[in-house]
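Below: one structure, written as structure tokens.
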Amino acid sequence: MTKTCDIKVRDGVFHLSGPQMSYIMELRPDQALLHRYWGPGLNGYDGANQPDPAKRAFAAALDPDDPRFSLETASLEFSSPHRGDFREASVALRRVDGHPAGRWHFAGYEIRDGLHKPEGLPHLRETESGARTLAVCFTEETSSAELTLYYSVMDGSDALIRSARITNAGREPIYIERALSALVDKPFEGDELVTFYGSHLKEFQISRRPLGHGVTSIGSRRGASSPQYPPFAALCSPGADEHSGEVRAVQLIYSGNHTVSTERDQYDQVRTLIGISPEDFSWKLEPGESFETPQAVLMFSGAGFNGMSQEFHRLYTDRLFPPQWARKERPVLLNSWEMAYFDVSEEKMLPVIREAADLGFELVVLDDGWFGRRNDSKSSLGDWTVNEEKFPGGLESLLGEASEQGIQFGIWFEPEMISPDSDLMRAHPDWAAAYPGAEPLLSRSQLVLDLTRRDVQDYVLDTLSHFLETYPVSYIKWDMNRHMTDAGSALLAPDQTVHRYMLGLYRILGGLTERFPDVLFENCSSGGGRFDPGMSFYMPQTWCSDNSDGLDRQKIQYGASYTFPPSAVTAHVSAVPNHQTGRNVPFATRAGVAASMNMGYELNILDLPPEDKEQIRRQISAYKNERDLVTGGEFFRLCSPFEGDVCAWMLTDPERRRAVIYAFTPAYDAAQIPVTLKVPYLKEEQLYTDEETGRSFSGCELKKAGFAFRFDRGDYPAKKIVLRTDMSKEAGNDHETV
Ligand code: GLA
Numbered sequence: 003m004t005k006t007c008d009i010k011v012r013d014g015v016f017h018l019s020g021p022q023m024s025y026i027m028e029l030r031p032d033q034a035l036l037h038r039y040w041g042p043g044l045n046g047y048d049g050a051n052q053p054d055p056a057k058r059a060f061a062a063a064l065d066p067d068d069p070r071f072s073l074e075t076a077s078l079e080f081s082s083p084h085r086g087d088f089r090e091a092s093v094a095l096r097r098v099d100g101h102p103a104g105r106w107h108f109a110g111y112e113i114r115d116g117l118h119k120p121e122g123l124p125h126l127r128e129t130e131s132g133a134r135t136l137a138v139c140f141t142e143e144t145s146s147a148e149l150t151l152y153y154s155v156m157d158g159s160d161a162l163i164r165s166a167r168i169t170n171a172g173r174e175p176i177y178i179e180r181a182l183s184a185l186v187d188k189p190f191e192g193d194e195l196v197t198f199y200g201s202h203l204k205e206f207q208i209s210r211r212p213l214g215h216g217v218t219s220i221g222s223r224r225g226a227s228s229p230q231y232p233p234f235a236a237l238c239s240p241g242a243d244e245h246s247g248e249v250r251a252v253q254l255i256y257s258g259n260h261t262v263s264t265e266r267d268q269y270d271q272v273r274t275l276i277g278i279s280p281e282d283f284s285w286k287l288e289p290g291e292s293f294e295t296p297q298a299v300l301m302f303s304g305a306g307f308n309g310m311s312q313e314f315h316r317l318y319t320d321r322l323f324p325p326q327w328a329r330k331e332r333p334v335l336l337n338s339w340e341m342a343y344f345d346v347s348e349e350k351m352l353p354v355i356r357e358a359a360d361l362g363f364e365l366v367v368l369d370d371g372w373f374g375r376r377n378d379s380k381s382s383l384g385d386w387t388v389n390e391e392k393f394p395g396g397l398e399s400l401l402g403e404a405s406e407q408g409i410q411f412g413i414w415f416e417p418e419m420i421s422p423d424s425d426l427m428r429a430h431p432d433w434a435a436a437y438p439g440a441e442p443l444l445s446r447s448q449l450v451l452d453l454t455r456r457d458v459q460d461y462v463l464d465t466l467s468h469f470l471e472t473y474p475v476s477y478i479k480w481d482m483n484r485h486m487t488d489a490g491s492a493l494l495a496p497d498q499t500v501h502r503y504m505l506g507l508y509r510i511l512g513g514l515t516e517r518f519p520d521v522l523f524e525n526c527s528s529g530g531g532r533f534d535p536g537m538s539f540y541m542p543q544t545w546c547s548d549n550s551d552g553l554d555r556q557k558i559q560y561g562a563s564y565t566f567p568p569s570a571v572t573a574h575v576s577a578v579p580n581h582q583t584g585r586n587v588p589f590a591t592r593a594g595v596a597a598s599m600n601m602g603y604e605l606n607i608l609d610l611p612p613e614d615k616e617q618i619r620r621q622i623s624a625y626k627n628e629r630d631l632v633t634g635g636e637f638f639r640l641c642s643p644f645e646g647d648v649c650a651w652m653l654t655d656p657e658r659r660r661a662v663i664y665a666f667t668p669a670y671d672a673a674q675i676p677v678t679l680k681v682p683y684l685k686e687e688q689l690y691t692d693e694e695t696g697r698s699f700s701g702c703e704l705k706k707a708g709f710a711f712r713f714d715r716g717d718y719p720a721k722k723i724v725l726r727t728d729m730s731k732e733a734g735n736d737h738e739t740v
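Now the structure itself:
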């Protein structure tokens with residue numbers, strides 16, 4: 003197999019391929035675009051997996067001369083209602099007279115170099131390596147609507163990127179009721195369904211279940227991708243595990259309301275749909291206008307969930323995150339939140355900056371509480387001026403101190419929100435999202451700014467730009483701490499939906515990050531409440547949970563790593579007893595969990611005994627020697643905390659010269675049963691030396707026989723294993739034949 007991608011067309015069959023993946027469609031003369039195959043790479047396709055269609059009762063035929071062909075039983079690439087396919091549709095339009103418009107006819111296709119970039123939405127980027135896009139066009143018989151389906155493949159990647167565009171080429175408006183990004187049909191092969199569920203403090207919990215008959219769906223109506231059900235699903239073969247088996251995953255590059263559904267129907271066909279949630283969605287398309295769906299990433303792996311993750315990690319690092327940050331090592335930061343909550347001040351922060359610099363931190367972040375009259379969550383969102391009572395010297399003195407100490411300074415914002423008790427609200431009561439005439443609901447005492455309005459978008463852009471020009475901070479934590487209930491607007495658009503809000507938000511984020519490319523933006527929504535590839539297009543890292551407990555974090559970070567590389571996940575060492583759980587996880591374990599990803603701290607470093615400070619100094623210095631693995635290495639999950647008592651993962655450099663393994667368990671086992679960790683992914687023929695014991699083992703032995711160890715006594719112990727090879731040590735059979 004080559005590493006390049008390809009799109010071949012022969013006799014109406016489109017064959018799209020990555021290095022180890024094929025995706026095949028066929029255009030039928032009766033105008034349907036049929037799905038034929040998605041799986042391990044094929045060297046050709048002649049329809050061996052296509053049985054003759056069977057005639058079924060209740061089935062509606064498109065062609066009266068061919069009653070055996072019905073959209074109900076066909077594998078499709080898109081579907082509209084009222085045409086005999088009774089499963090969930092991906093595209094639904096309505097004409098001005100109220101009637102549905104869904105009679106699509108093939109109108110042509112085009113193959114071109116590069117990717118399709120949906121306008122106004124986050125998307126995968128062009129790079130120096132190649133990409134090809136197939137655009138297949140259809141026209142609608144009764145309305146002059148046009149539909150284009152986009153399919154992109156990229157060199158070196160087994161991802162397929164899909165999106166759709168609907169254009170109104172007629173003279174009357176068209177109403178879009180449903181415009182999903184991708185629909186994929188496949189035969190049921192014992193598939194199991196993997197999705198995430200979660201909440202605040204408990205993000206990225208993995209759910210895996212057999213796929214029964216009927217529709218199983220997840221989604222969000224919260225105005226954010228949400229920690230409840232982020233936009234991801236995977237179908238896997240029954241025995242698939244981290245290292246083997248087939249996985250077909252879908253993820254949406256979007257941060258708003260979404261749906262991901264799978265339907266196993268009466269004929270054992272499985273339909274997967276992903277896109278903007280049709281619930282509470284409508285879009286009036288005026289003549290000449292187009293509507294673009296977000297991109298959906300379809301990822302095939304024949305090497306289990308680690309294989310899937312490797313592909314996602316590479317794709318997002320190469321083509322999603324802001325390129326200037328994607329592979330750049332991130333500063334080790336100290337955040338003020340769990341140290342002081344709202345009670346921050348210049349008097350408190352100045353010594354923190356000095357101490358932080360001394361301990362090896364590279365960035366101090368002033369979290370919530372620095373602006374307006376903000377002493378709790380009840381006021382001041384929107385009033386982004388420094389509270390001079392708390393900071394009499396303005397921020398200049400903190401920035402000055404940081405610069406003198408040779409470290410960076412960063413700050414917290416929650417720009418999408420407005421407190422009822424704020425000068426902004428008093429000046430612009432109509433800027434809060436609300437349904438006219440109805441009092442909007444509060445959540446965390448705040449309302450959402452109406453980002454569907456251009457003037458409000460400009461206000462946010464100007465306020466943040468002005469701030470960044472006045473105070474040259476290196477980092478901004480961009481928070482979003484409530485979900486949407488009253489997503490209305492005083493300037494009601496003809497089709498007021500949360501999608502308009504998302505387009506407004508993306509416009510702001512695009513404008514700001516383009517204007518200030520050197521500022522490191524960290525995404526946050528009460529932790530990982532909006533941790534999705536849409537936000538990651540603008541912000542290379544995300545605070546993945548407000549839960550900083552060293553035990554709970556293992557599951558959260560394990561789940562997040564399914565599609566996000568460790569560089570995208572921030573993890574902080576915090577104080578014990580932990581503020582969220584009351585648990586006392588040892589320092590070394592907390593540090594191991596944090597150092598596995600993008601490491602920071604969030605505790606009062608001034609209050610610590612000297613031995614703890616010394617530990618922090620050592621932890622930071624060790625992390626600095628390893629963080630090239632976080633931004634430039636590879637990450638593999640070895641043992642799942644969702645399946646047993648041990649959580650383990652490994653970071654390596656791309657050449658597999660060095661491996662850092664972290665293993666954790668909730669409690670020491672009194673029977674002293676050893677853990678034997680199978681360590682695949684190293685170079686089998688090389689000898690790796692264990693840093694702790696000096697003993698050497700071949701990559702082959704580590705993979706097949708495993709590495710045995712015992713945890714230290716105590717609660718929540720961690721084990722760090724560092725293996726190195728200098729590539730000169732070839733493993734051989736050093737046993738003499740007896
Ligand atoms: C959210 C964030 C926290 C902190 C607070 C401040 O909860 O997730 O890290 O910034 O807001 O109010």
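Heads up: the sequence shown begins at 3 in our numbering, then just goes up one per residue. Where a beta carbon is used, it is the ideal one built from N, C-alpha and C, also for glycine.
Residues near residue i by beta carbon distance below 8 angstroms, same chain, minus five either side
i: L443; result: T487, D488
i: S702; result: As written in the sequence, residue 702 is Cys, which differs from the Ser given in the question. Excluding positions up to five away in sequence, the list reads E686, E687, A733.
Where residue i falls, given that 16 or more other Cβ within 10 Å makes a residue buried
i: A429; result: exposed
i: R134; result: buried
i: V2; result: This structure cannot settle anything about residue 2, because the visible part of the chain is limited to 3 through 740.
i: Q410; result: buried
i: H260; result: buried
i: S642; result: buried
i: H485; result: buried
i: D378; result: exposed
i: D13; result: exposed
i: L608; result: exposed
i: K685; result: buried
Residue range of the beta strand (DSSP E) that includes residue i
i: Q543; result: 543-545
i: N600; result: 600-604
i: A710; result: 709-711
i: E294; result: 292-294
Of the listed residues the options, nearest to residue i (C-alpha basis)
i: D687; options: R659, R712, T695; result: Correcting the residue type first, residue 687 is Glu in the shown sequence and not Asp. Here the closest residue by C-alpha is R659.
i: S82; options: G200, L95, D548; result: L95
i: D370; options: I478, L505, A673, D243; result: I478
i: L198; options: G192, Y231, G216; result: A small correction: the amino acid at residue 198 is Phe; Leu does not occupy that position in the sequence shown. Here the closest residue by C-alpha is Y231.
i: V475; options: L466, N483, D481, M482; result: L466
Extent of the continuous alpha helix (DSSP H) to which residue i belongs
i: F314; result: 306-321
i: M341; result: 339-342
i: V11; result: Element bounds for V11: not the alpha helix (DSSP H) but the beta strand (DSSP E), 8-12.
i: R502; result: 500-517
i: M351; result: 348-361
Residues near residue i in its chain [Cβ-Cβ closer than 7 angstroms; skip 5 each side]
i: N600; result: R332, Q543, P568, S569, V571, T572, A573, V632
i: M3; result: The predicted model places M3 with a pLDDT of 46, which falls under 50 and marks its position as unreliable; any figure quoted below should be read in that light. P21, Q22, G43, listed in sequence order.
i: G746; result: A query on residue 746 cannot be resolved here, the shown segment of the chain reaching from 3 to 740 and no further.
i: T515; result: P324, F523, Y540
i: R30; result: L36
i: G158; result: K5, P21, S131
Nonlocal neighbours in the same chain, by C-beta distance under 6 angstroms from residue i, ignoring five residues either side
i: A593; result: V575, Q621
i: E148; result: T141, T169, A171
Proximity test, residue i beta-carbon vs the ligand SAH heavy atom, cut-off 7 angstroms
i: W414; result: Questions concerning the ligand SAH fall outside what the structure shown contains, since the ligands it does hold are the ligand GLA.
Kindly confirm or deny that the region 485-492 and the region 444-456 touch, where touching means at least three C-beta pairs closer than 8 angstroms.
yes
Evaluate the contact criterion for the region 274-287 versus the region 223-239: three or more CB pairs, one atom per stretch, below 8 angstroms.
yes
Please confirm if the region 595-604 is in contact with the region 327-344, defined as three or more CB-CB distances below 8 angstroms between the two stretches.
yes
Quick check: the region 118-128 against the region 94-109, are at least 3 beta-carbon pairs closer than 8 angstroms?
The region 118-128 and the region 94-109 do not touch, with fewer than three beta-carbon pairs separated by less than 8 angstroms.
For the 8 angstroms Cβ check, are there 3 or more pairs between the region 266-279 and the region 84-93?
Three or more beta-carbon pairs drawn from the region 266-279 and the region 84-93 are found closer than 8 angstroms, and the two stretches are therefore classed as touching.
Hey, is the region 559-578 in contact with the region 694-706, meaning 3+ C-beta pairs nearer than 8 angstroms?
Result no; under three Cβ-Cβ pairs closer than 8 angstroms.
So does the region 180-190 actually touch the region 312-330, counting three or more Cβ pairs closer than 8 angstroms?
no
Answer yes if the region 611-626 comes into contact with the region 346-356, meaning at least three C-beta pairs across the two stretches below 8 angstroms, and no otherwise.
no
Does the contact criterion of 3 or more C-beta pairs under 8 angstroms hold for the region 293-309 versus the region 517-524?
Result no; under three Cβ-Cβ pairs closer than 8 angstroms.
Contact between the region 237-252 and the region 502-509 (3+ Cβ pairs under 8 angstroms):
Here the region 237-252 does not lie against the region 502-509, with fewer than 3 beta-carbon pairs under 8 angstroms apart.
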